[in-house]
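Participant:
Protein chains: 6
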Amino acid sequence: MVFTMERRETFSSAHRLHSLEMSDEENKKVYGKCNNPNGHGHNYVWRVILKGEVDSRTGMLYDLGALKKEMAEVLDIVDHKHLDKDVDYFRSVPSTSENVVRFLYESIKSRLSRPELLKECILHETEKNVFTYSE
Amino acid sequence: MVFTMERRETFSSAHRLHSLEMSDEENKKVYGKCNNPNGHGHNYVWRVILKGEVDSRTGMLYDLGALKKEMAEVLDIVDHKHLDKDVDYFRSVPSTSENVVRFLYESIKSRLSRPELLKECILHETEKNVFTYSE
Amino acid sequence: MVFTMERRETFSSAHRLHSLEMSDEENKKVYGKCNNPNGHGHNYVWRVILKGEVDSRTGMLYDLGALKKEMAEVLDIVDHKHLDKDVDYFRSVPSTSENVVRFLYESIKSRLSRPELLKECILHETEKNVFTYSE
Amino acid sequence: MVFTMERRETFSSAHRLHSLEMSDEENKKVYGKCNNPNGHGHNYVWRVILKGEVDSRTGMLYDLGALKKEMAEVLDIVDHKHLDKDVDYFRSVPSTSENVVRFLYESIKSRLSRPELLKECILHETEKNVFTYSE
Amino acid sequence: MVFTMERRETFSSAHRLHSLEMSDEENKKVYGKCNNPNGHGHNYVWRVILKGEVDSRTGMLYDLGALKKEMAEVLDIVDHKHLDKDVDYFRSVPSTSENVVRFLYESIKSRLSRPELLKECILHETEKNVFTYSE
Amino acid sequence: MVFTMERRETFSSAHRLHSLEMSDEENKKVYGKCNNPNGHGHNYVWRVILKGEVDSRTGMLYDLGALKKEMAEVLDIVDHKHLDKDVDYFRSVPSTSENVVRFLYESIKSRLSRPELLKECILHETEKNVFTYSE
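Shown next as structure tokens:
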């Protein structure tokens, strides 16, 4: 028997794709319009998936109220922010959705009371582009 | 080669989270507003996922018309009902989404003509909370 | 020049369609499965639409933060509740979506700092059934 | 007989709510987290609604291919841009959704071959906040 | 006081845009890829909107069960059909969404027990193209 | 560490379920209304999922711009077409969604610059029926 539970939240951030390891010309070629100097932004959808057994007494896999609070702490870091300018993590790595979903995964894992239950994080950058990260 | 097919249906039910194994105070603490004495309700989304090979003659994994009928039998048990009061299964276990998705899984499995194809069931309690169950 | 702004929220409630002005038999005939004695429930979507001019200084039609708080007060009355048993308004009138959307309209109007801006309320009972009310 | 046709497109932009007519303190109070100095961003949904009669020969209200091109010209101005820094219109007025939807309305109207058909523009800032503009 | 109620259904049809009043060349120019000789198809979303007063005894604007049956009769004509080849109405007029939504409007109006309540019909051809018709 | 990225596109096609290996009577029995002689159609949603490591320099799993072009080549084969009449693949096999998603998988795999990254394809035939294929 395997159960999973998932919680979805959204956040709205600005960012610009630009890698310090590439020339301006290469950045423009690799990232296209996402390299616009003044940046752009998204309404991101963030989904956290936990996997495990269910407590027979409560019938729950994890305390949803606790998960909301733990996710809220992470959302405070990214919501209504400029990822590159306001979040330390993205000073050294480009804020591609691959790196953003990894950041979210690591950020929620360190806050979960039972981090071993974390299965994966999913990030919708737009309705058409979706990214996942797991260990 | 692995194929899956999924069918989604919806149902609307009332329920209340309350465990017979906990005191009233503990129920209130664990379930919060979901423990409201008079209950609340949801439009649930139920997704059944089958996995297997495709019949080369029909090009189908499973007869979708048959699956619809089999799911309809299960929906008759829960749709426009109070889960705790109208469904026997939830007299002894709390109607958390974890337990509801398990009930749906077992209920559809016993009705499938080829139950070995059942991979998992997914239950959307709200747009933000999603649960899965598999063996 | 006419602007509108809309805010959407959701709430999860139980209810039962049953009119005190009709016999049990007539209730069953008129409301069908929605008359199930133990009730059922929905994830309702509630949309408030305001209409008016925009303040040239702030570029806003209405303070969205204030609207959120005003809607939250109304949501406290209906969310995770049994409409018929927990909300006084539905003791005398059946909790059809027509009556629910009217209740929401009147409840938010009395809380808005500028009630004359309220254009209409919209209520999604399910993905397939949508109701609106305006004066 | 009245027909309308609607075309939806999306774009992803950064912006910051900040009015030149208000002090820093007032900006922070009025706009809250939307006043974050480094900005934030959205996946906007833009809907253009045309209204009129249908050409009996073609059975169409307006040439959809032409509308796509006309909307694409406007999208080039805002998509993957910072509204405040990259779009002249928002140098003098704050980039609230009320002002953005008005800008989109005026921008598409000046490009339509039959501007008298334009009924309104709708802008979804997030899943929860929606704005319309019409004359 | 004005109430509206809306019911949404879906249907899946094939069609081809081709006007008998235009040459093959003109058809290709006007309709583009929608003029593909072998046709294409859509999952249409059909929304019927009724407008009127609410019966104080039942709390309802119209009998939803009756509306479902009346819409089902219309759906039988178009669902899993080729609009041009299987529906008489489209033998003489091109099956543009403008004409399809008008056909749906007229077809449901003639079946409603209170046709004066019909306000409009809405047709989603795709997620991006939406059409309405009213008298 | 495992990353996936997904790109979603849509296409609109006509088709008819009819197997050359079955009699007319059997086709009608197996496929029901999907066997309508003149066909029907869908707005399909096609999702391509890639799985692999992320390039630390670009922060990307795969070049999204390249994937869009590769998917566009496949979309040209099926979009605004009649699957059975316009696509060679479906001359010999019935155009069930199981076979369509397999065709899409094979078609995109042969176009990817790194085909080993392809994890699976997902096809939404309608909002209720979803199919996946992987090797």
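Residue numbers (the numbering used here), protein chains in the order written: chain A, 208 to 342; chain B, 208 to 342; chain C, 208 to 342; chain D, 208 to 342; chain E, 208 to 342; chain F, 208 to 342.
We put the beta carbon where it would ideally sit given N, CA and C, even for glycine.
Fair warning: this is a prediction, and the values are worked out from it, not measured in the lab.
1) Under 8 angstroms, Cβ to Cβ, is there at least one residue of chain A near L330/F?
2) Specify, as a first and last residue, the run of the beta strand (DSSP E) that G272/D falls within.
3) Let me make sure I understand the geometry here. Which of I315/A, I329/A, D286/A and E216/A has the alpha-carbon closest to that of C241/D?
4) Leaving aside the five residues before and after F210/E along the sequence, list all residues of the same chain whose C-beta is less than 6 angstroms from its C-beta, in chain order.
5) Are the beta-carbon atoms belonging to T333/E and N250/F less than 8 angstroms from one another?
6) Can you confirm whether L268/D, when its beta carbon is compared against all beta carbons of chain E, has any partner nearer than 8 angstroms?
7) Is N250/E helix, strand or coil by DSSP?
8) Please identify the residue among L330/C, G266/C and F338/C whose C-alpha is closest to the C-alpha of V252/C.
9) Does any C-beta atom of chain C lie closer than 8 angstroms to the C-beta of F210/E?
10) Using only the alpha-carbon positions, how far apart do E280/A and K235/D sit?
11) Count the CB pairs spanning the segment 281-300 of chain A and the segment 220-236 of chain A that are closer than 8 angstroms, and state whether there are at least three.
12) Looking only at its chain, what residues have a beta carbon closer than 6 angstroms to the beta carbon of R254/C, apart from the 5 residues adjacent to it on each side?
13) To the nearest angstrom, how far is the alpha carbon of K258/E from that of S341/C?
14) Taking DSSP's pairing of strands, which residues face I256/B in a bridge?
15) Just to confirm, is the Cβ distance from V308/A to F338/A under 8 angstroms?
16) I want to see whether chain B comes within less than 8 angstroms of G272/C, judged by CB atoms only; does it?
17) Would you identify the three-state DSSP class for K240/B, choosing helix, strand or coil?
18) Taking buried to mean at least 16 other C-beta atoms within 10 Å of its own C-beta, is E232/B buried or exposed?
19) Measuring only between beta-carbons, confirm whether H289/F sits less than 8 angstroms from chain E.
20) Between the C-alpha atoms of I256/D and E228/C, what's the straight-line distance to the nearest angstrom?
21) Is there at least one Cβ from chain E nearer than 8 angstroms to D293/F's Cβ?
22) Can you tell me the Cα-Cα spacing of L311/C and T217/C, whole angstroms?
23) Going along the segment 238-258 of chain C in order, which residues come within less than 8 angstroms of chain B, judged by CB to CB distance?
24) Give me the Cα-Cα distance between D295/C and S302/C, rounded to the nearest whole angstrom.
25) Chain A beta carbons: is any one of them nearer than 8 angstroms to that of R215/F?
26) DSSP state of K292/A, grouped into three classes?
27) In three-state DSSP terms, what is N336/D?
28) Can you tell which of L324/F, S304/F, E305/F and I284/F has its C-alpha closest to the C-alpha of S314/F?
29) Using a C-beta cutoff of 8 angstroms, does S226/A count as contacting chain F?
30) Which residues does DSSP list as the beta-bridge partners of F310/E?
31) A221/A CB to nearest chain D CB: under 8 angstroms?
32) What are the residues that DSSP puts in a beta bridge with F218/E?
33) Check this for me: beta carbons of G272/B and G239/F, under 8 angstroms apart or not?
34) Buried or exposed: M327/C, going by 16 or more other Cβ atoms within 10 Å of its Cβ?
35) Report yes if the C-beta distance between G266/F and N243/A is below 8 angstroms; otherwise report no.
36) How about E277/E and L324/E: do their beta carbons lie closer than 8 angstroms?
Facilitator: Let's see:
1) no
2) Segment L271 to V285 is the alpha helix (DSSP H) holding G272/D; no beta strand (DSSP E) there.
3) D286/A
4) V261 and L268
5) yes
6) yes
7) strand
8) L330/C
9) yes
10) 22 angstroms
11) yes
12) E213, R215 and I329
13) 11 angstroms
14) E213/B and E327/B
15) yes
16) no
17) helix
18) exposed
19) yes
20) 44 angstroms
21) yes
22) 12 angstroms
23) K240, C241, N243, N245, G246, H247, G248, H249 and N250
24) 11 angstroms
25) yes
26) helix
27) strand
28) I284/F
29) yes
30) None; F310/E has no bridge partner.
31) yes
32) Y251/E
33) yes
34) The sequence as given places Glu at residue 327/C; Met does not occur at that position. Result: buried.
35) no
36) no
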